[in-house]
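Order-wise, the sequence lines are chains A and B.
Each residue of the first sequence is one higher than the one before, counting from 191 in the working numbering.
Each residue of the second sequence is one higher than the one before, counting from 142 in the working numbering.
All C-beta atoms, glycine included, are put in the ideal place defined by N, C-alpha and C.
Computed from a predicted structure; not experimentally measured.
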Amino acid sequence: MALNMQRLGRMLPSLPVSRAFSTAAGPAATQATSPTPPSPPPPPPPSDTAEVFVDGQPITVPKSFTVIQACDAAGVDIPRFCYHQRLSIAGNCRMCLVEVEKSPKPVASCAMPVMPGQKIKTDTPLVKKAREGVMEFLLINHPLDCPICDQGGECDLQDQAMIFGSDKSRFVETKRAVDDKNLGPLVKTVMNRCIHCTRCVRFSSEVAGTEDLGVTGRGRDSEIGTYVEKLMQSELSGNVIDLCPVGALTSKPYAFTARSWELKSTESVDVSDALGSNIKVDARGSEVMRITPRLNEEVNEEWLSDKARFQYDGLKRQRLNTPMVKGPNGLQPATWGAAFEAIRGAMAGAKGDEIKAIAGKLTDAETLVATKDLLNRLGSGNMKHEDDVAAEPVCADVRSTYLANTTVMGFEQADAILLVGTNPRHESPVFNSRLRKAFLDGAEIASIGPNIDLTYKYQHLGSEPAALSQLLASEHPFLEKLKSASAPAIVIGPGVLRREDRDAVMRAVHELVDKAGVVRPGWNGFNVIHDSASRVAALDLGFVPSASARSAPPPKVVYLLGADDWMDREVPEDAFVIYQGHHGDKGATRANVVLPGAAYTEKSGLYVNFEGRVQQTRAAVPVLGDAREDWKIVRALSEVLGARLPYDTHSAVRARLAEVAPHFALINNLQQPVWLNGEVLQKDVPFQSPVNNFYMTDSVSRASAVMAKCILAKQEAKN
Amino acid sequence: MRRAVQKLALVAESATACSSLHQQALAPLCTSATSALAQGASQSPLCQSNYRGRVFVPASTRGFAANSHDLFNQHKDTPDNNADNVFEWTEANLKRAQDIIDRYPPNYKASAVIPLLDLAQQQNYGFLSLPAMNSVAKMLEMTPIRVYEVATFYSMFNRSKVGKYHIQLCGTTPCRLQGAQHLQDTLEKTLGIHIGETTKDGMFTLSEMECMGACVNAPMLAVADYSGGVEGYSYNYYEDLTPADTVKIIEALRKGEKPKINSQYRNKAEPRGVIQDGKWTPSEGTLTLTTPPRGPIVTNPDL
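Below, the structure is given as structure tokens:
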């Protein structure tokens, strides 16, 4: 079996060193490139670099590098188990031994800093023997159960044993046996297989910030576990599955369902929150078997939230697979033609703003623009996003007022961060890990909003907008902190945009931005984050009520684009409701006509994350039954309604998107924020996060049994 | 679970026979011995039994945690030890704990974890219950798992209930050579328990420890006295022991007396002697190092 290069590529994602400052040009170092490579850091001044020789090949690397990083930069593969570039160095697996000239013994390359002129040898007999010896020790207590192990086929231990190991063991004593741990409904443990690399322990304490896991006992009897049986508290717990180099921690929902070589991977984007984590959808036939993260340094690094990773079983439940029309006996399956006829009949009695469209959390940009065009052609400007719950719609005129202008990666530079009305841990757990990274780099964080455990220490300034006024009014220590910070940032949560006094809060925030100089040349620290994937695209495309629609009478026809969380006043009792979506949730129950659409794993659609990055999902599996891609449904309906939309192909819709909002071809379009005028602060209404149940936020996660188990497990853990 | 099964197998062993588990395991080695036994001959050295006929089980297959009486490196709820138990520092100990914490810089509070765990163990009758460890974690602003890691690592921290006197017999090579096995047999007979167990009256827990550094006076055992709380706590070595001395020490402890600590036969290097065949044997003259050392003699050229 050849070393699985794809997997190794995941293990060694984009290295911070690039060929840019390597003196020897060679073709080797390209195997570990990321899908969207970050811009290479400027070459450090010569005094900070050292020239080393890897197998005789000279390479110049920063002095802060370790030997293993220098070897990676030179394109030489070093086997490793415990070393991971995003975690602290443990140096306990000993697999990365290399020979360094003038060193009497082989050295652990992950823990050895480079020295100028160092001569590193990775293919000598000594190194070969050392690796073989280490591998033999690692396999002493490792069970030979690869045929029944879920990691089989994508296992670092298996691959490296094949390449670097011996063909037999000299160990004849009994292997140790370790109790399996119950870490909750997501992570399955087979602790006999553990080789104690401690990656999971380091992940939970360093990245996730919930110190659940540890090494108990010592020597032969050491175990990884929580000591007292408990749930892993993190919303990022699924990442330990990817980190585990063996089959000790595997996915519980995925257990025994597929083998890695049977799966077809499709690179896509997650829509469970507004961060737009990059994912790989692994499918077998027409079934999504699992979802794993894909490396993107600028968005999710290589992490993924538990909801994004495990909600896929919801894609197999409660699905709408055929058009339906409501008759005397409730919703009955119908043909597309019959459904469209029913819609035409209902539309005939409505004119102008009496037709209303509500976009759901998961609607792609193509569908949004097609629906907007269709409604406009029918003379209606009455459209909104379901998250827009305040009486006055969010202003979509200036893009920088509703984006995270600092960018997700930019937060790593921030040294003072103020959170306003947000719970990033639930609204976007992976983004929260980025905030934690900034915290660990010394950023001071304060929050006005819910007082909860965010996995890092922060100063709680208050739960109500009054705290914002106090911060503005006096010489508040944190205001001084923001003023003196070199890169201050303010994060406004999606809960703020839902408040009735949103404009007043925003005005106060803008005042603060001005006072503290949060927006300065070269730095924009003003950020709004959202909690649903379609939110930013809807604002970008102006999917907001027109001026006339704001005073329009109650609508007669309501077109729900997968919208399930609308308020009752939005959809009048006597309205004719069209529900176009993929799950039989609240919206479909109310509908007069149901049009089955495609879920995000079944279509290619554009989504804009909360920093304004346009990303696309790709179809990993075919659509279900009679369902169709959403924009095509709207296009077909326009024909029936006599308002034919002028695009027939996907690329034509994309062209239309770029016409409406050019950044659909441009990424990270930053603009300066402007002042907003508004109302009076509701000083005693506490800030609340709209995500009060992290595991169930949209129709997919609501249909997921695994997510339901997570909620149960959390409740049990609380009791 | 396998450990529990092994432990149960150990407990279930009768005084006269090997457990079936070990009989099976050792069957190939013992074939000649059993036939020899049938003829009334002595046993094969490969299947050495102690005087109660019990096969010695090597520590490597016995499956304990870091010390002899904690079976698991994970917490298992028992009536004595669960999250609902209460651990409250006494006022005096709280002051002691504060004194310990004050020895370290405030940002390195966690350095006090070992002395604090020791203090908590002394107050909590010899073992660290879950609430005791949690209270140390809270005091030092550590996450509980970091404290559990320390407590499970060190053999001197007990995580399950122990007797008032924790008898820790050295089981490392020098003591074994000088007859530690006989001490173990005597202790097990006198107390009626095996290694890792506690007497029914809750007086004694018997453990096996690795080398405690008193090899010169082998064989030895250490007794941790938890009967008097932190104030009365003592941790004493008893060295140069014969089986008879061991029984005397146990009887004295049982009566609440203070047996002679350290070597039972000398106060310093003199008189020369050694425990041989279960009794103190004075030695005359030089027994070792009687000839000039063989070369090569290496000296540090820098000196």
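What does residue i reach in chain B if we use C-beta pairs closer than 7 Å?
i: A/G404; result: I286, R287, Y289 and E290
What's the call for residue i, buried or exposed, on a 16-neighbour Cβ count within 10 Å?
i: B/P246; result: exposed
i: A/A907; result: exposed
i: A/G632; result: exposed
i: A/F601; result: buried
i: A/Q861; result: Only weak support is given to the placement of A/Q861: the predicted model assigns it a pLDDT of 41, under 50, and the question is left unresolved by the model.
i: B/V227; result: exposed
i: A/D346; result: buried
i: A/I469; result: buried
i: A/W493; result: buried
i: A/F361; result: exposed
i: A/V890; result: buried
i: A/T779; result: exposed
i: B/R244; result: exposed
i: A/I642; result: exposed
i: A/W756; result: buried
i: A/M897; result: buried
i: A/R480; result: buried
Considering only the alpha carbon of each residue, which of the options lies closest to residue i?
i: B/G370; options: B/K341, B/K409 and B/F268; result: B/F268
i: A/N717; options: A/I680, A/A698 and A/R534; result: A/I680
i: A/T591; options: A/A826, A/E763, A/V695 and A/Q501; result: A/V695
i: B/S348; options: B/I241, B/A359, B/D240 and B/A365; result: B/A365
i: A/I157; options: A/I607, A/E477 and A/C585; result: Missing from the structure shown is residue 157 of chain A; chain A here goes from 191 to 909 and no further.
i: A/K378; options: A/G323, A/F446 and A/C345; result: A/F446
i: A/G683; options: A/V699, A/A675, A/F668 and A/K673; result: A/V699
i: A/L521; options: A/L558, A/T553 and A/G777; result: A/G777
i: A/H386; options: A/L609, A/L373, A/V405 and A/L376; result: A/V405
i: B/Q262; options: B/S375, B/E329 and B/D386; result: B/S375
i: A/L750; options: A/A742, A/S738, A/H773 and A/V317; result: A/H773
i: A/E829; options: A/R321, A/G527, A/E760 and A/P735; result: A/G527
i: A/E531; options: A/A826, A/M886 and A/D335; result: A/A826
i: A/D340; options: A/R270, A/L439 and A/C300; result: A/L439
i: A/E425; options: A/L593, A/S237, A/A398 and A/D411; result: A/A398
i: A/D411; options: B/R317, B/T339 and B/S296; result: B/S296
Given that residue i touches chain B, what residues does it touch there, using C-beta distances under 9 Å?
i: A/T388; result: Within chain B, no residue comes near A/T388; the closest Cβ sits about 11 Å away, beyond 9 Å.
i: A/E401; result: M283, T284, P285, I286 and R287
Counting only Cβ pairs nearer than 8 Å, list the residues of chain A close to residue i.
i: B/T293; result: T406, G407, R408 and Y417
i: B/L271; result: V418
Based on the DSSP secondary-structure assignment, which residues constitute the bridge partners of residue i?
i: A/T887; result: Answer is none; A/T887 lacks a bridge partner.
i: B/Q309; result: B/S348 and B/A363
i: A/R480; result: A/D472
i: B/W421; result: B/I416
i: A/A694; result: Answer by DSSP bridge pairing: none, since A/A694 is not bridged.
i: A/N429; result: Answer is none; A/N429 lacks a bridge partner.
i: A/E457; result: A/K470
i: A/H773; result: A/R509
i: A/A973; result: Residue 973 of chain A lies beyond the range of chain A shown here (191 to 909); nothing can be said about it.
i: A/I414; result: A/V405
i: A/A778; result: Note: A/A778 sits in no beta bridge, so no partner.
i: A/T379; result: A/L439
Tell me, to the nearest whole angstrom, how far the beta carbon of residue i is from that of residue j; I am working on the premise that it is less than 8 Å.
i: A/D816; j: A/N511; result: 6 Å
i: B/S424; j: B/R407; result: Incorrect: roughly 12 Å between the Cβ atoms, too far for contact.
i: B/L257; j: B/L281; result: 7 Å
i: A/L277; j: A/R392; result: 4 Å
i: A/L731; j: A/L565; result: Actually they are not in contact, since the Cβ atoms of A/L731 and A/L565 sit about 12 Å apart, beyond 8 Å.
i: A/L329; j: A/S293; result: The Cβ separation is near 26 Å, so there is no contact.
i: A/L796; j: A/L847; result: 7 Å
Which residues of chain B have a Cβ atom closer than 8 Å to the Cβ of residue i, listed in chain order?
i: A/D631; result: Within chain B, no residue comes near A/D631; the closest Cβ sits about 18 Å away, beyond 8 Å.
i: A/E413; result: N214 and Q215
Quick one: is residue i near chain C, going by C-beta distance under 8 Å?
i: B/R407; result: Of the protein chains in the structure, A and B, none is chain C.
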